[in-house]
Each structure stands twice: as C-alpha cells, then as structure tokens.
Amino acid sequence: MDSTSVQPSKPPRTSDFDSGHENQGSNAVWNDWRLSFVTAAGIGLGFALLSAWLTPRGPVTTAEALVSMGAALGVGIIAGLMTGHKSAVLVVMPVVFIVALEFARIGMAGPTVDGINLTSSLGIVAFILGRVFHGTLVVLPMVIGGIYGVWLAGRMSSEATDAFGRAAWVVTGIATIALVALGLFIARPASTAAIVGADGAPVEASIAELITVEIGEHDQSMMIRGRSVDHPVLLYLAGGPGGTDIGAMRRDVGLEQDFVVVTWDQRGAGKSYSALDPIETFTLDQLVADTIEVTSYLRDRFEKDKIYLVGQSWGSTLGVLAANKRPDLYHAFVGVGQMVSQRETDILFWEDTLAWAETSGNDGLAEVLREQGPPPYSDVYNYDPIVSNEHSWNSYPGLDLSHEMPGSLFVPEYTFMDRVNAFKGFLDTNGVLYPMIQDVDFRQDVPRLDVPYYMVLGEHEARGRAVLADEWYQVLDAPIKARFTFEGSGHRPNFDRPGDFVNVMRTVLSETANG
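Numbering (our numbering), first residue to last: 2 to 516.
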C-alpha cells in the first residue's frame, strides 16, 4: 500500500471581503486566478462599452435606471458564477468598468460627464450627480450581483470556491435592501392632481396633465393645467438655462383660474433632460425654434390664434427672442426678472461680489475673484464664486428659497429621476449654452417688440439685472409697455408674490385679449 497519506479536503474558508484563496476545483477559470481576472475584466469592459453606447450620461429616465440596475445585477451574477473569485468581482470588474466607461464617453459635453473638477461646489455637485449617482445605479448592483454569483458558484460545485464571512454578508444584505428601496423610489411614477370643485369632483372642462410631445425632433415634457380648456393659453418659460419650474408653478394655483397654464421643461432641462443630445444641435437658435414649435402645438391643440408668453430670468431672454421672431403668435410677452445682457450682468455681479467679499473680510473669495478677473470665462466653473454668493450680498427679509431647487422639486409631478435630472440639466445645459448667449444684448439687438410687453421686477432685484432692465425698458418701443415692481421680492417675484402676479396677468389679459 502507498505510504503517501491522503489529506482530507478543506472546506471553503469563511473570511471577510479582504481574504480569499485560489480555487482548486476542476473548473478551469476557478482554478486559475489569472484567467478569472481576465474574464472579470472582459465582462466589465463589455458592459462599460454597452452602457456608454446606450446611456452615455448614465441612466436618465425611470426605465433606463431600473433596466440598468437589473442588468448590472445580472452581469455581476454571471461574472461571479464564471470566475468564483471575490477579487475578480469586487475589484477587477468594477475598476475596469469605471475606467472603460470614462474612456468610452470622451467627447461628451457637460460638467457631469466631462473633466472632473473638485475645487468648486459646482464641480463637486457635478461629480456626485454624474459619477457617484451613476455608480450607485450600476456599479453597486454589479458588485452585489458578483457576490451572489460567487456564492452560487460555491453552491454549484463540490470544489472549494471563494467564500464570504458573516460580516461580509451583513454588509451585502444591507446594501441589497438599500438597492431595493432605491429601486422602489425610482419606480414611483409622476402625476398631477385633477382640478376639483367644491364637491371634490374634477371640474368639467378642466385640464390637468403631464405630457411628452415631440418638439424639434426630441421628446420634451410639459405640465398643462387649467380650470377650463376654453381659457386663454399661457406658456411659461423657466429660467436657467436648464432650469425646471414645474414644482414652483404648483405652489400656487391662481393662474389656473384664468388661463390654461403650460409649464414647459425646455430641451435638456428637468423632465426633458434626455433630449439634450446630440449636443451639436443644442443651440440658442434651436431653443428659439423649439419655443415657436411648442407655441404652434398649443395653438393647434386648443384652437387659439395667439397665446400668452411668460419668461422668467433666462426664460425672459428666450421669450424676447421668440416674440421678436414671431410676434404674430402672441397676445403679449411678460418678462419676469428680465435679462438683457448676460455678459454685462455677470460683470456687475463680479463687481458686487468682490465688493462684498472685501467689506466682509472674505479675503479668500476676494483673491479668487481678482485672479479670475471679470467675466466672461471659458470655464463654466469660474462662475461658481459669483453665482453661489448672490444671496449673501443681496439678501433681503422676504427671501424665500423654498420655491427654488431643491425645495421646489418635492412635488408628485417629478419622478425620482426627474429630481436628479433637474440638477444635471442645469449644469450640463449651462455648460453648453452659456457661451452662446454672451453676445446677446437687447439694448442693441431688440429696440422694438411688435407685441405688448410687460416687465415684472422685484424690489430687491440685484443691480446687475435691474439696471440693465431699466435701460432696455427706457429705449424699448412696443405697442403697449408697462412695468411692475413687487414689494419685498427679488429675482423671482412671480413666486415671491404669486397673488400679485395673478393680478398683473389679469391686467395683461384685459388689455390684450382682443389683440
């Protein structure tokens, strides 16, 4: 009899994530950690290329998010089954996926997908939305799936494969529960409440809907609400660029009593974020054309010859351009927080921010502003010190941030992904469009509007906007022009004083309904 002793086989080791050993089973991949790592790398690479092709900005819609999470979980399970190695699914596969994805989407424009900048608050937000959130939706389920795949590989084989200890399974269980909870939040659909009467029943002939319409060959979203479809139509253009005001518009229903109010998320903004690409066609002229196309859609749908146009901040820039190009489509244009020259506004903001920094002892901010010099800037992140400090040097007792993001996003009209896209849209749209509007100056470009014009400003509007709005108003020629200043309000007087704004629109309606 052979004197060589026979050693009993060792059971799988029950260690935490950071421990493991080579498989000695008959499966070739399990037996060779090199082959296991190559397999995991190949799976990570393939999934990255597919993701970059299908969702280059990461999952955007609810469907994309849920499908991506499910697909990533499945890919992880397959990788775990094929490799049987913890390091392959916890390190190799996700690292290769992340690196390959970044390389595969080189050329995409926008702060959430292009170069990483962690030196500014805007850059940090962009990194969280574009990378961290994407990782939560894809990399996390891929890793969780990999853990379960390795476990299944061990269950399917009589040979030893990598095993996880109790602590590892506790972490995995918590992560799995969190992932399921996130999926449930994401799956909740958007809705808008019916307009009801005193009896609680929907008002006859009222309208309350969230719709998606093809505008400029892209699906774009809008909320339509009104007590009667026979009322005049009002198209509202949000600020930004890239802002969404559906939530802010839902804070007060006053306008709905007299108008069919249409709040449109412009291309690349909020619920229309998925329409941003291709970037090559995302231009100022295209957004003006989109505004006119939305107008035509509303005229046809509600059988109106003309509609009312209201624009706030950036929306007032877009509204002036649309009304100037097609005055025959509008009863009147109302500019709220009217913008005139973005370049001159930014220069005045730079001056006011620097003055505040110097007088308040904020030497670091003052030094940054002096080094940058006055706008315009080629790098959108250089605007951060100016934009982020406005409410510090221009604060006032009536300042209410609840009708601005993120406070305005917590209404049922937004899905979970819409809320994420509200920030992504603001960043990516500005990154592309902001340089295009630097040469717009209505004081020279639009000395006349062939529609009635109404300007609505806040008492505490920043100097960089108010001075230019006054200068343009003084030289503007229009069939009717009037200016309203809302006491105690700032750049968003229509939301600061919604009742006053309803009264203004009723005045506009009485003066222009027959025009």
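We put the beta carbon where it would ideally sit given N, CA and C, even for glycine.
- Only buried fits Met-250, as 16 or more other CB atoms lie within 10 angstroms of its CB.
- Taking C-alpha positions only, Leu-235 is separated from Ile-125 by approximately 37 Å.
- Membership of Met-224 in the beta strand (DSSP E) is indicated by the continuous run 219-227.
- Pro-494 sits buried, since 16 or more C-beta atoms from the chains shown fall within 10 Å of its C-beta.
- With a threshold of 16 other beta carbon atoms within 10 Å, Ala-179 falls short and is exposed.
- Per DSSP, the beta bridge partners of Lys-482 are Tyr-454.
- With contacts defined by Cβ atoms closer than 7 Å, Ala-324 and Tyr-309 do not form a contacting pair.
- DSSP, reduced to helix, strand and coil, places Tyr-274 within a helical segment of the structure shown.
- About 22 Å separates the Cβ atoms of Met-340 and Trp-357, ruling out a contact at the 8 Å cut-off.
- Spanning the alpha carbons of Gly-491 and Asp-347 requires a straight line of approximately 17 Å.
- C-alpha of Asp-385 to C-alpha of Ala-64: approximately 33 Å in a straight line.
- Straight through space, the alpha carbons of Arg-371 and Leu-355 are spaced by roughly 8 Å.
- Distance from the CA of Arg-189 to the CA of Phe-417, rounded to the nearest whole angstrom, comes to 7 Å.
- With a cutoff of 7 Å on beta-carbon distance, Thr-173 and Ile-212 are scored as not near each other.
- For Val-68, the enclosing alpha helix (DSSP H) begins and ends at 63-84.
- Below 8 Å, enough C-beta pairs join the stretch 78-88 and the stretch 36-47 to call them touching: three or more.
- In this structure, Thr-430 lies away from Gly-198, with their beta-carbon atoms at least 7 Å apart.
- Within the same chain, and ignoring the five residues on either side of Gly-240 in sequence, the residues whose Cβ sits closer than 6 Å to its Cβ are Gln-313, Ser-314, Trp-315 and Gly-316.
- Of the residues Pro-328, Val-388 and Glu-281, the one whose Cα lies closest to the Cα of Ser-297 is Pro-328.
- The three-state reading of DSSP puts Gly-500 in helix, counting H, G and I together.
- The beta carbon of Ser-121 is closer than 6 Å to those of Tyr-382 and Asp-385 in its chain, skipping five residues each way along the sequence.
- Two segments are said to touch when three or more pairs of C-beta atoms, one from each, lie closer than 8 Å; by this definition the stretch 138-146 touches the stretch 64-73.
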